[in-house]
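See structure below.
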Amino acid sequence: MKTIKELDPTSIETFQGKLRGKIVMPEDAAYNDTRKVYNAMIDKHPGMFVMCVDVADVIAAVNFGRENDLLVAVRGGGHNGGGLGLCNEGLVIDLSGIKFIRVDTSDNTVRVGGGNLWGEVDHATHPFGLVVPAGIISTTGVGGLTLGGGVGYLSKKYGLTIDNLLEADMVLADGSFVTVNAKQHKDLFWAIRGGGGNFGIVTSFKFQAHPVSTVIGGPTLWPIEKTEEIMEWYHNFIHEVPDDLNGFIATMIIPGAPFPEHLHNKQFCGIVWCYTGEASKFEELFAPVRAKNPLFEHVGEMPYPAIQTLFDGLMPPGLQWYWRADFFNELGEEVRAAHLKYGSKIPTPLSQMHLYPITGAASRVGNEDTPWAYRDAKYAGVIVGVDPNPENAAKITDWCKSYWEALHPYSSGGAYSNFMMDEGQDRIKASYKHNYNRLVEIKQKYDPNNLFKVNQNIKPVSQYA
Ligand SMILES: Cc1cc2nc3c(=O)[nH]c(=O)nc-3n(C[C@H](O)[C@H](O)[C@H](O)COP(=O)(O)OP(=O)(O)OC[C@H]3O[C@@H](n4cnc5c(N)ncnc54)[C@H](O)[C@@H]3O)c2cc1C
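If you count the sequence shown from 1, you need to add 1126 to reach the numbering used here.
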């Protein structure tokens, strides 16, 4: 494998001539800003960025990377916790210039560019009273979130993001361009619904959208001492209550405004709710929550884009992040006790733990229908150590690892790939479980030399020999 520095400068000039987008090199003034990603703990130094503006740029970049035997990374929204949108010394194919959104109200479908962010999609679909199910932060990239699965408020009602993916345009490792859907390249269409960026670069997604304009949502909080009681109750409640009402449970600190002052800098067990049904039925469905006497409730009607941006202000780009994750089937006594123990020791105001329910529509898809192998798990859990100050990096990492180590023995074995750091091949195998071998076969067919390896990597068969 070569580095960019080893290339003949004329080959770089020739390459630039084939592009409409720019290239950014380490000596360029824009380089240091260009190499920033959402997680400031990531400090990688690519040899070259190709800032693609169209499919032709992506094809040229893939061919350049392959022909010159370069390490290739692909960046969508740049949100990946482990910094998998970047690499050291190699080529980064940046998709942030490939943005377009077209809402088709004849069949409620939405076409989205490979470099769009979710907030841009919400902005475009909201005037039509439509949504595409995504995550809970609007600055996340459509590309990485979708290709890994996509868990959020609407997973219970409308499934994971991949369950709403109808079609994708892709540039493959050999530079060819294909459209994949339920009829064309069915194997690839299966693989990209959870298998990440392993199989090619998606330049356009087509999603099924759903009629949601406003939701009733927001947080309820209980003192951290009540964690065990609330988790036990929540486990029984959230999988029984109709699909219209969803909510993820968390251990967290209230860092400051807009919350009232008496809550600041204290640890809580919280649930963030999102209800998509008829407003007249909400009070009755929500009554059991209020019967648990939350210390604080801030639940009300809001436009869908408002709930999607609720936490954007608290979680701007440029913070230090360390992630650990697992799926869970149960919230048994030992698990609840561990949440209380480590939830009480949250080290910095933005660090937190979330458990996203895998229930309703998301759980009605078969374990082999997509690579997402844990449809029967009850929760996708994630612990995140977060802080603006790099000096606290060790503190948030240690807390996150200890919390995870206490819970891992009670987990289902694997984790949601989009919540993983760079954790090695055994973790990847555990996360795709029975679907792993099928992914390996498809990888061998479409990317036998593993050009797309900067991801939760499915190695082709040839690389096991
Ligand atoms: C603050 C925050 C909140 C989050 N909330 C949620 C949530 O609610 N639900 C959820 O499911 N996930 C959530 N995530 C996780 C998120 O899904 C992953 O971090 C995801 O990888 C981000 O995608 P990206 O395009 O922004 O990332 P990038 O870093 O750009 O890319 C991540 C991976 O995807 C690949 N990739 C990206 N775009 C393409 C493309 N078009 N074609 C081929 N490969 C591509 C990259 O090569 C890389 O391997 C959150 C992350 C953060 C930081």
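Quick reminder that beta carbons are idealized off the backbone N, C-alpha and C, glycines included.
Just so you know, these numbers come straight off a predicted model, no measurement behind them.
Can the beta-carbon of residue i be found less than 9 Å from the beta-carbon of residue j?
i       : j       : result
Leu1273 : Gly1322 : yes
Gly1507 : Met1547 : no
Asn1561 : Ala1499 : yes
Phe1374 : Tyr1284 : no
Ile1364 : Cys1395 : no
Phe1325 : Lys1170 : no
Asp1180 : Gly1223 : yes
Ala1488 : Lys1282 : yes
Ser1538 : Phe1408 : no
Ile1398 : Gly1344 : For clarity, residue 1398 is Val in the given sequence; the question names Ile instead. In contact: Val1398 and Gly1344 (Cβ atoms closer than 9 Å).
Gly1592 : Gly1267 : Outside the shown range of the chain (1127 to 1591) lies residue 1592, about which nothing can therefore be said.
Leu1466 : Glu1351 : yes
Gln1434 : Ile1263 : yes
Pro1381 : Leu1421 : no
Leu1221 : Cys1178 : yes
Val1188 : Gly1301 : yes
Thr1329 : Val1198 : no
Tyr1505 : Asn1372 : no
Gly1276 : Asn1581 : no
Val1297 : Ile1327 : yes
Gly1469 : Thr1353 : yes
Trp1530 : Asp1438 : no
Val1163 : Gly1211 : yes
According to DSSP, residue i sits in a beta bridge with which residue or residues?
i       : result
Asn1372 : Cys1400
Arg1201 : Asp1220
Ala1451 : Val1508
Met1546 : The partner list for Met1546 (beta bridge, DSSP) is empty, contrary to what the question assumes.
Ser1330 : Gly1239, Asp1295
Glu1423 : Thr1346
Gln1393 : Ile1379
Gln1478 : Val1510
Leu1445 : Asn1165
Val1179 : According to DSSP, which records beta bridges pairwise, Val1179 is partnered with nothing at all.
Leu1256 : Pro1337
Ile1149 : Val1176
Pro1429 : Thr1340
Asn1307 : Glu1293
Pro1483 : Tyr1505
Leu1196 : Lys1128
Val1188 : BP columns for Val1188 are empty, so no partner.
Beta-carbon within less than 6 Å of residue i's beta-carbon, same chain only, minus the 5 sequence neighbours each way: which residues are those?
i       : result
Pro1429 : Thr1340
Thr1305 : Asp1295
Ala1299 : Asp1573, Leu1577
Thr1129 : Gly1173, Glu1215
Asn1206 : Gly1270
Pro1514 : Leu1445
Thr1402 : Lys1283, Val1338, Val1341, Asp1370
Ala1156 : Val1150
Ser1406 : none
Lys1225 : Gly1239, Gly1241, Asn1242
Glu1427 : Thr1340, Ile1342
If you count every other CB in all the chains shown that lies within 10 Å of the CB of residue i, and 16 or more means buried, which is it?
i       : result
Arg1501 : buried
Asn1575 : exposed
Arg1146 : exposed
Met1127 : exposed
Asp1230 : exposed
Asn1563 : exposed
Lys1131 : exposed
Gln1393 : buried
Asn1165 : buried
Ala1413 : exposed
Val1461 : buried
Pro1586 : buried
Gly1202 : buried
Arg1524 : Checking the sequence, you will find Asp at residue 1524 rather than Arg. Burial call: exposed.
Thr1140 : exposed
In chain order, what residues of the same chain lie with their CB nearer than 7 Å to the CB of residue i, ignoring the 5 residues before and after it?
i       : result
Leu1133 : Asn1194
Met1167 : Gln1446, Trp1447, Tyr1448, Ala1519
Trp1359 : Lys1418
Lys1144 : Ala1186
His1424 : Gly1344, Pro1345
Asn1307 : Leu1292, Glu1293, Phe1315
Val1367 : Leu1411
Could you pull out every residue in the same chain whose Cβ sits closer than 8 Å to the Cβ of residue i, ignoring the five residues on either side in sequence?
i       : result
Asn1391 : Ile1379, Ile1380, Pro1381, Gly1382, Pro1475
How about residue i: is its C-beta nearer than 9 Å to some C-beta of chain D?
i       : result
Ile1379 : Going by chain labels, chain D is absent from the structure shown, which holds only one protein chain.
Review point. Do the stretch 1287 to 1300 and the stretch 1255 to 1265 make contact, defined as three or more Cβ pairs closer than 8 Å?
Key: Counting Cβ pairs under 8 Å, three or more are found: they touch.
Review point. Is the stretch 1549 to 1564 touching the stretch 1460 to 1480, taking contact as three or more C-beta pairs under 8 Å?
Key: The stretch 1549 to 1564, when compared against the stretch 1460 to 1480, does not touch it at the 8 Å Cβ threshold.
Point to revise | Validate contact between the stretch 1229 to 1243 and the stretch 1329 to 1340 using beta carbons, cut 8 Å, 3 pairs | key: Contact between the stretch 1229 to 1243 and the stretch 1329 to 1340 is present: three or more C-beta pairs spanning the two stretches fall below 8 Å.
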